[in-house]
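Visitor: Residue numbers (the working numbering): 21 to 655.
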Ligand code: HEC
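1. Quick check on residue 626: does DSSP put it in helix, strand or coil?
2. Any idea what DSSP makes of residue 641, helix, strand or coil?
3. Taking 8 Å as the threshold (C-beta atoms), are residue 439 and residue 416 in contact?
4. Ligand 1 heavy atoms versus the CB of residue 211: any closer than 7 Å?
5. Only counting the same chain, and skipping five residues up and downstream in sequence, which positions put a Cβ closer than 7 Å to that of residue 143?
6. Name the two residues that bound the continuous alpha helix (DSSP H) containing residue 159.
7. Going by the CB atoms, is the gap between residue 44 and residue 213 shorter than 8 Å?
8. Please state if the CB of residue 262 and the CB of residue 189 are separated by a distance shorter than 8 Å.
9. Which residue spans inside the stretch 74-135 form an unbroken alpha helix (DSSP H) run of at least 4?
10. Using the rule of at least 16 other Cβ atoms within 10 Å of the residue's Cβ for burial, across every protein chain shown, is residue 93 buried or exposed?
11. Could you tell me whether any non-hydrogen atom of ligand 1 is closer than 7 Å to the CB of residue 186?
12. Note down the Cα distance separating residue 489 from residue 354, rounded to an integer number of angstroms.
13. Could you name the residues of the same chain whose beta carbon sits closer than 6 Å to that of residue 118, not counting the 5 residues immediately before and after it, in chain order?
14. Just to check my reading of the structure: residue 379 and residue 348 have Cβ atoms closer than 8 Å, yes? What is that Cβ distance to the nearest angstrom?
15. Ignore the nearest five residues each way along the sequence and tell me which others in residue 236's own chain have a CB closer than 6 Å to its CB.
16. Spatial neighbours of residue 393 within its chain, please: C-beta separation below 6 Å, excluding the five flanking residues on both sides.
17. Should residue 528 be labelled buried (16 or more other beta-carbon atoms within 10 Å of its own) or exposed?
18. I want to know whether the stretch 237-247 touches the stretch 196-211 - three or more CB-CB distances under 8 Å.
19. Pull up the distance between the alpha-carbon of residue 644 and that of residue 444, whole angstroms please.
20. By the DSSP assignment, the alpha helix (DSSP H) with residue 248 in it spans what residues?
21. From which residue to which residue does the alpha helix (DSSP H) around residue 214 run?
22. Could you tell me if residue 642 is buried or exposed, where buried requires 16 or more neighbouring beta carbons within 10 angstroms of its beta carbon?
23. Would you tell me roughly how many angstroms separate the C-alpha atoms of residue 334 and residue 594, rounded to the nearest one?
24. Using a Cβ-based criterion (distance less than 7 Å to any ligand heavy atom), does residue 158 qualify as near ligand 1?
25. Is residue 116 closer than 8 Å to residue 82 when the C-beta atoms are compared?
26. Could you tell me whether the Cβ atoms of residue 198 and residue 48 are closer together than 8 Å?
27. Shortest alpha-carbon distance to residue 627 belongs to which of 596, 637, 620 and 646?
28. Consider the C-beta atom of residue 195 and the heavy atoms of ligand 1; say whether any pair is separated by less than 7 Å.
29. State the Cα-Cα distance for the pair residue 168 and residue 150, rounded to the nearest angstrom.
30. Locate the alpha helix (DSSP H) running through residue 315, then write down its first and last residues.
31. Could you have a look at residue 173 and say whether DSSP puts it in helix, strand or coil?
32. How many Å lie between residue 111 and residue 318 at the Cα?
33. Where does residue 376 sit, in a helix, a strand or coil, going by DSSP?
34. So residue 568 packs on residue 420, CB below 8 Å; how close in whole Å?
35. By alpha-carbon positions, which one of 429, 588 and 385 ends up nearest to residue 480?
36. Three or more beta-carbon pairs under 8 Å between the stretch 459-476 and the stretch 400-408, yes or no?
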């Protein structure tokens, strides 16, 4: 490596332009010392005279540049460290000491000067791979081994990205910096024509080429276990520390986690649209990869993850911009999972993967161009709450109406207690999922699905019970003697439980959708999300009021009849939604049929869901007929 010109430029720059130090170049110099010193000196002996001279020049340049830094709290420390660096290099010190000082200079500079050392959004490695093939592989080689056709006799030769020792000493930011600035005096040009995020993508891509699949996998396991809580490799650390530093601080797991994060940086990004869609695309790639390696189960799981933890969270936003695209992606992703299950040949699945990834990219582009306006955010916020909240509210209102009608207002507190605990626990779960535990999209859907099925069973039972009482003739008496007594402690607990299930299952998803919506909306429109929320709450309140008011007017017998039918219906709706949630989580198979989708009624066009709903309907009708016949026979 002979970046003499770089040196020359950096030395001349402050003088000629009389500007304050170019921070990026200072950092680049610091990086080069860290990387190359071990090739110049070993055990106090000079092993490569040319490199050693360069190291001495670099250390002097760093010292001079640090002196011309703009004033800051850490400037004195940086200058002092640079002085130590000169002394160490002059005395042919150990590489570890040089690296330690270089790392300290780097972190001090980054901490006190405004340098953009992290990408502003999740880098898209998919795209980076393509760019690499087009623009870099001719020198660096297809796999980063420095053996591209243009590399023959090149002096200095292109960097070999698969060189493990170099890998250990390189930061992602350092690579980004080189791609941005080039290395004067070598064939490595600057790439200003690539935008920031593409250069970051290439930096991450090349930073990971020396890694083994094994270490990435190991790091993935560390990440799945406790994220970056035990080993705090946040984005800043990820881009500005070396694998060697990470190993020194956190051992072998630190090294592995860094390997994983370098190949999957998107997991660290706050989940804006672009990041979520990038995440979905990466998971699709991983899924295909697993499938090609003959691991269909894993492939299936990853495809589920791509949907639940990526695409689903931007669906609401996309729907306001391009509903057709939303439907088409959703359908394709569902179909993809079925293809995995049906054992499609890998080559055909690959075609499908790329098609879906292209659709996801289209969605990303569209969302990128259009931040949601206040109006769209308002509409989404309203729809989300109405959709998620309506069925829970209907059940609660119907039960409340029932209690009021049988003169057991005192039992209302059990009902509302259940709702209250659900809200509280929902808030706690949400908080915990953000800060303490990781709730995957899969666990969320499974909880929601099982809760819905449980609620369906209870509602079905309640409907049946109510219905069985409609045959009574002396209503007032019957209620006093039977129903009021029947509402003992255990039934009240049941009531609370039902209210709890109905509400709790909706909360996590609602919060998640609102979070995503918040990020997707332009700053000036975000307050409209509150308005949407309030309007939807008002609508729900009015619906409750109507139910309570009109149910109070119905004669008792009719009230019981209507309530029982209503409970049956809700049971069928909940069953449909429960099945759908389990299918989304990939726990249940799904065979699509052509049938209309009615979200509000939990009707989705697939055999499993429709069969369960049909079965419930038939059982309800049979029971209805039987007890009607029984009661007519009695009277
Ligand atoms: C014409 C040949 C050529 C092309 C094309 C090329 N490079 Fe380089 N690259 C080099 C050479 C030569 C070096 C070594 C420079 C030196 O000696 O410091 C290098 C160094 C680098 C480094 C520094 C690595 C390190 O560890 O210090 C990075 C990063 C890099 N290239 C990335 C890229 C990327 C990304 C592309 C495509 C956008 C690319 N290069 C295209 C020739 C090339």
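Virtual Cβ for every residue (Gly too), placed ideally from N, Cα, C. The model shown is predicted, which means the values in this text are computed figures rather than measured ones.
Guide: On the basis of the data shown:
1. If DSSP states are grouped into helix, strand and coil, residue 626 belongs with the strands.
2. Helix.
3. In contact: residue 416 and residue 439 (Cβ atoms closer than 8 Å).
4. Residue 211 Cβ: within cutoff of ligand 1.
5. 217, 220, 221, 224 and 285, listed in sequence order.
6. Where residue 159 is concerned, the enclosing alpha helix (DSSP H) stretches over 157-160.
7. No, these two residues do not count as a Cβ contact at 8 Å.
8. In this structure, residue 189 lies near residue 262, with their beta-carbon atoms less than 8 Å apart.
9. The DSSP assignment places complete alpha helix (DSSP H) segments of no fewer than 4 residues inside the stretch 74-135 at 95-110 and 115-132, in order along the chain.
10. Result: exposed.
11. Yes, Cβ of residue 186 sits closer than 7 Å to a heavy atom of ligand 1.
12. Rounded to whole angstroms, residue 489 to residue 354 spans 44 Å at the Cα level.
13. So the list reads 57 and 108, once near-sequence residues are dropped.
14. Between residue 348 and residue 379 the Cβ distance is about 7 Å, and since that is below 8 Å, they are a contact.
15. Correct list, in chain order: 279, 280 and 283.
16. Cβ neighbours of residue 393 beyond the five flanking positions: 545.
17. That one is buried.
18. No, because fewer than three Cβ pairs between the stretch 237-247 and the stretch 196-211 fall closer than 8 Å, the two stretches do not touch.
19. For residue 644 and residue 444, the distance between alpha carbons rounds to 38 Å.
20. Per DSSP, residue 248 lies in no alpha helix (DSSP H) segment and is marked neither H nor E.
21. DSSP places residue 214 in no alpha helix (DSSP H); its state is neither H nor E.
22. The residue in question, residue 642, is exposed, as its Cβ has fewer than 16 Cβ neighbours within 10 Å.
23. Cα to Cα, residue 334 sits roughly 24 Å from residue 594.
24. A heavy atom of ligand 1 is found nearer than 7 Å to the CB of residue 158.
25. Cβ distance not < 8 Å, so residue 82 and residue 116 don't count as in contact.
26. Yes. Within cutoff.
27. The shortest C-alpha to C-alpha distance from residue 627 to any of 596, 637, 620 and 646 is the one to 596.
28. For residue 195, the distance from the CB to the nearest heavy atom of ligand 1 is below 7 Å.
29. C-alpha separation (whole angstroms): 16 Å.
30. For residue 315, no alpha helix (DSSP H) encloses it, and the DSSP letter there is neither H nor E.
31. In this structure, DSSP gives residue 173 a state outside helix and strand, which the three-state scheme calls coil.
32. A direct Cα-Cα distance of roughly 55 Å separates residue 111 from residue 318.
33. The DSSP-derived three-state label of residue 376 is helix.
34. Indeed, because the Cβ distance is near 7 Å, the residues count as touching under 8 Å.
35. Taking the Cα of residue 480 as reference, the smallest distance to any Cα among 429, 588 and 385 is reached at 588.
36. Contact fails: fewer than three Cβ-Cβ distances are below 8 Å.
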